[in-house]
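Just below is one structure, and these are the notes that go with it.
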Amino acid sequence: MRILAIETSCDETSAAVVEKKSDNYPVVISSRIASSSDLHSITGGIIPEQAAREQLQYMIPIILQALLESQNEEFIDLPSAFKRGKAILTQSIDAIAVTQGPGLIGSLLVGVETAKTLAYTCNKPLIPVNHLLAHLYANWLIADGSPQVENIVNNHTQRAISFPFIGLIVSGGHTDLLYFEDHGKYQWIGGTRDDAAGEALDKIGRLLGLPYPAGPEIEKQARNATHKSITFSRALKNSQDFDFSFSGLKTEAARFIQKQHPISEKDISEICFAVQDAVTDILVFKTYKAAMRYNADTILLGGGVSANDALKDTFKTENLKQKMKPNVIFPDKKYTTDNAAMVGAYAAYNYIPVDWRQIKASPELHLV
Ligand code: KG4
Ligand code: ZN
């Protein structure tokens with residue numbers, strides 16, 4: 070089965086063609102992403118209306134590029150791409166998947182309404198997808214002929230996704246822990262009570278004058294830290310539940326930053342290290358605790374923050390101390406941040422088409 074997948078929940082506009090054959094893992098046939106993050110890097114954050122306006126411009130060309138690329142055809146000009154794109158969609162695509170939510174309403178509307186129109190006009194089944202669950206499904210993708218996952222405990226190429234697993238979703242808008250028994254059968258076991266991990270990094274980065282999104286910049290700066298003597302508190306680390314809280318870290322870091330006058334490059338690196346250390350420490354601690362409690366020997370990561378190498382390293386080091394030594398699996402970096410291929414992977418395993426008239430963009434779509 071070939072799925073055309075569409076993702077527009079935040080500031081990316083992405084389309085991909087994913088193919089799933091019987092028991093095999095879904096293969097990325099083509100994948101295209103346009104981002105307005107350069108624009109938002111200037112404004113220091115996302116301006117939702119501006120993001121949606123950009124997405125309106127990108128949406129159709131990105132879909133056409135993904136469709137043409139799926140047949141190894143070149144995009145020469147818009148009129149011929151329209152003609153070929155329609156033919157490819159009609160003849161070689163079996164279903165369309167689209168991110169329904171959560172996300173920014175204007176952005177979601179662009180993807181959802183486009184997908185509905187295509188499903189109706191080309192008479193294709195349409196599968197609405199929860200963006201957060203799709204982040205975990207990035208782990209099932211195969212691209213460039215090889216698995217794109219990184220099993221940080223065992224051999225890289227050894228794929229060990231087995232149920233039950235604990236899923237940690239760490240993105241700019243969400244931090245959630247899920248217990249998965251099977252596809253479509255999961256339980257939300259905890260999440261952030263305030264800011265998401267990525268959101269905290271972005272806000273602290275902004276205070277330090279780093280460009281948006283600050284997560285990757287904080288990671289870069291943290292590599293230059295040498296003293297590593299600043300320690301920020303770890304909220305809820307010892308709570309009995311699986312909740313997180315990152316807004317206190319932001320306040321603590323803000324107070325600390327205010328006291329540094331003038332702030333040097335060196336200070337910035339040390340602060341970035343301390344912030345990253347606090348975030349990764351709590352995420353890793355609670356995720357292993359969940360794996361123990363639920364007797365799950367696999368952990369799956371997903372979302373933009375899972376691109377962070379320090380998070381990976383902390384999972385690796387802590388694994389040695391764990392009794393169970395679960396397999397810890399990260400998606401390939403290019404599928405950690407928002408992309409349509411993961412939406413296609415989700416739809417391939419959770420193939421539940423819905424009449425297009427019933428599908429609405431849902432900014433607050435819940436996990437349960
Ligand atoms: O999953 P994503 O692309 O979008 C949402 O669904 O929110 O995640 C974006 C978040 C941003 O907060 C960004 O700062 C963070 O992921 N991020 C990172 C890294 N790359 C992206 N955080 C830490 N280290 C990174 N390398
Ligand atoms: Zn995301």
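Just so you know, the sequence shown maps onto residues 70 to 437 in our numbering.
Even glycine gets a Cβ: it sits at the ideal position worked out from N, Cα and C.
The structure displayed is predicted, hence computed values, not measured ones.
- Counting along the chain, no alpha helix (DSSP H) covers D251; the unbroken beta strand (DSSP E) around it starts and ends at T244 to D251.
- Set against 7 Å, the gap from the CB of P285 to the closest heavy atom of the ligand KG4 is smaller.
- Exclusion of the five residues before and after D336 leaves Q329 as the residues of its chain whose Cβ lies within less than 8 Å of its Cβ.
- About 4 Å separates the beta carbons of E286 and L279, which is inside the 8 Å limit, making them a contact pair.
- The beta carbon of Y206 sits closer than 6 Å to the beta carbons of M411, A414 and Y415 from its chain, once the five residues preceding and following it are set aside; these are given in chain order.
- Here A379 really is in contact with A291; their C-beta atoms are around 7 Å apart, less than 8 Å.
- In the three-state DSSP reduction, K254 falls in the strand class (E or B).
- Per DSSP, the continuous beta strand (DSSP E) segment holding G371 begins and ends at T367 to G371.
- Around the Cβ of H296, a 10 Å sphere holds fewer than 16 other Cβ atoms; the residue is exposed.
- DSSP lists A103 as the beta-bridge partner residues of T82.
- Selection Y255, L201 and P233 evaluated against T367 yields P233 as nearest (Cα-Cα).
- The nearest non-hydrogen atom of the ligand KG4 is 7 Å or more from the C-beta of V96.
- With a cutoff of 7 Å, T367 does not count as near the ligand KG4, since its C-beta is closer than that to no heavy atom of the ligand.
- Secondary structure of L73 (DSSP, three-state): strand.
- One alpha carbon belongs to V97, the other to L73, and they sit about 10 Å apart.
- Any heavy atom of the ligand ZN within less than 5 Å of a residue's beta carbon puts that residue on the list, which reads S240 and D407.
- Contact annotation, G113 with Y281: C-beta distance approximately 5 Å; criterion of less than 8 Å satisfied.
- DSSP places L237 in the strand class (E or B) of the three-state scheme.
- Residue pairing for V167: DSSP places it in a beta bridge opposite I75 and P197.
- The way I'd put it, the stretch 193 to 210 does touch the stretch 422 to 429; three or more beta-carbon pairs between them come closer than 8 Å.
- When C-beta atoms of the stretch 381 to 391 are compared with those of the stretch 168 to 185, fewer than three pairs fall below 8 Å, so the two segments do not count as touching.
- Here the C-alpha atom of I235 lies approximately 28 Å from the C-alpha atom of T300.
- Residue pairing for T261: DSSP places it in a beta bridge opposite F313.
- Under the three-state reduction of DSSP output, V348 falls in the helix class.
- Annotation: the continuous alpha helix (DSSP H) that includes Y415 extends over A410 to Y418.
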